[in-house]
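Peer 1: Supplied in structure tokens, the structure appears directly below.
Numbering (the numbering used here), first residue to last: 60 to 273.
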């Protein structure tokens, strides 16, 4: 009976592990910064609609997770023959919110403050992050992502939808390894002996950008 019970537990654990692996977002391919894409006269220029654009984030630790949003402050993107040709986007790091804790709860403000301070994104010193397009091929958008003082090139799958005088760029859910941008707090990439107090390096992101013809 004991052996059967242990077998059932093992099968249940294996099933959970398979589901967890299946649901885990893929890390964006990350390389050194690359040359920024140029704009041609034939491309259509769009200006970002900040109110209709957003970035959602999710961070994990052994005891659970937190999620929230970050605003796209501004940007310009050019499209030619249904493909992204070039683009520059500014991200407002002061706009970080936490959505899994009610806004009126004290812990919400504490977590937002912690994310904004020097432990994480140091928004007083680095109020903006940036993304510059370096290429677009087979539905994969590449660009230089600058966070704090670090710039790395990432490649993410996106869908480009043109409708009338607007274009919407929607990414699949993906992750970036924050340690590659020197976001160090609670990271096992920088600190030993954290035990179960560490915070995962992977940050899960999903980006939606809407832009209108300039």
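The beta carbon of each residue, even a glycine, is placed where N, CA and C say it ideally should be.
1) If I measure Cβ to Cβ from residue 159 and keep anything under 8 Å in the same chain, skipping five residues before and after, which residues do I get?
2) In terms of alpha-carbon separation, which member of 251, 153, 230 lies closest to residue 202?
3) Within 10 Å of its beta-carbon, does residue 152 have 16 or more other beta-carbons around it, so buried, or fewer, so exposed?
4) Which runs of the beta strand (DSSP E) spanning at least 3 residues fall entirely within the region 101-164, listed in chain order?
5) Say whether the region 263-271 touches the region 101-116, bearing in mind that this needs 3 or more beta-carbon pairs closer than 8 Å, one atom from each stretch.
6) Measuring CB to CB, does residue 170 end up less than 8 Å from residue 188?
7) Would residue 96 pass as a contact of residue 254 if the rule is Cβ separation under 8 Å?
8) Quick one: residues in its chain with C-beta nearer than 8 Å to the C-beta of residue 224, no 5 flanking neighbours on either side, listed in chain order?
9) Under three-state DSSP, which class holds residue 198?
10) Between which two residues does the beta strand (DSSP E) carrying residue 216 extend?
Peer 2: A quick look at the data gives this:
1) 124, 125, 126, 127
2) 230
3) buried
4) 103-107, 113-120, 123-139, 142-157
5) yes
6) no
7) no
8) 271, 272
9) coil
10) 209-222
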